[in-house]
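*Asks:* The opening residue of the sequence shown carries number 183 in our numbering; numbering runs sequentially from there.
The C-beta atom is built at its ideal place from N, Cα and C for all residues, glycine as well.
All of these numbers come straight from a predicted model, not from anything done at the bench.
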Amino acid sequence: MKKNPLRILWLILGFAAIGIGAVGVVLPVLPTTPFLLLASFCLAKGSEKFHTWFTGTKLYKNHLDEFVQNRSMTLKTKFSLLLPASGMLLLAFAAMPNWYGRAFIIFLIIFKYVYFFTRIKTIPVEKS
């Protein structure tokens, strides 16, 4: 990882995003996940130790490593990412009181699957 002159700024943004994400745990109006994802991104940019640790995790190796290197995923990986996200969107669909919101959620579900199967190459599972 190269020396980043904005390292301090990335670290400050990362810790601020963690703080906002933590507040989002108790405040239902503030989403937690996007802030924690932002924190992960910022900390990886600002800290070589965090970047090394994150790229060494089982989660990264199982789901993101192949995508980052080759812009490809196995079918199993695609479905392990798409199905839980679709389940959460279907819960939001059930809770949505208006049809505009429901139509948008259906659009998101369809867009996710179209993107994953047209823009991300599907590779066979390597046999060990």
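Please classify residue 268: does DSSP put it in a helix, a strand, or coil?
*Replies:* In this structure, residue 268 counts as helix in the three-state DSSP scheme.
*Asks:* Please confirm whether residue 302 and residue 254 have their CB atoms less than 9 Å apart.
*Replies:* Their beta carbons are under 9 Å apart, which means residue 302 touches residue 254 by this criterion.
*Asks:* Cβ of residue 224 within 9 Å of Cβ of residue 193?
*Replies:* Cβ atoms of residue 224 and residue 193: closer than 9 Å.
*Asks:* How many angstroms separate the CA atom of residue 170 from the CA atom of residue 248?
*Replies:* In the structure as shown, the chain starts at 183 and stops at 310, and residue 170 therefore has no counterpart that could be examined.
*Asks:* Using the three-state DSSP reduction, which class does residue 310 fall into: helix, strand or coil?
*Replies:* Note that residue 310 has pLDDT 38, beneath the 50 cutoff, so the model's placement of it is unreliable and the number below is only indicative. Correct three-state label for residue 310: coil.
*Asks:* Given residue 256, which residues of its chain have a CB within under 8 Å of its CB, disregarding the five upstream and five downstream residues?
*Replies:* So the list reads 248, 304, 305, 306 and 307, once near-sequence residues are dropped.
*Asks:* Identify every residue that forms a DSSP beta bridge with residue 304.
*Replies:* According to DSSP, residue 304 bridges with 255.
*Asks:* Once you ignore the five residues that flank residue 310 on each side, which residues in its own chain have a CB closer than 8 Å to its CB?
*Replies:* Legend: pLDDT at residue 310 = 38, less than 50; position of this residue unreliable, value from coordinates given subsequently. So the list is empty, once near-sequence residues are dropped.
*Asks:* Applying the criterion that 16 or more other CB atoms from any shown protein chain within 10 Å of the CB defines a buried residue, is residue 217 buried or exposed?
*Replies:* It counts as buried.
*Asks:* Residue 196 lies in the alpha helix (DSSP H); which residues open and close that run?
*Replies:* Where residue 196 is concerned, the enclosing alpha helix (DSSP H) stretches over 189-208.
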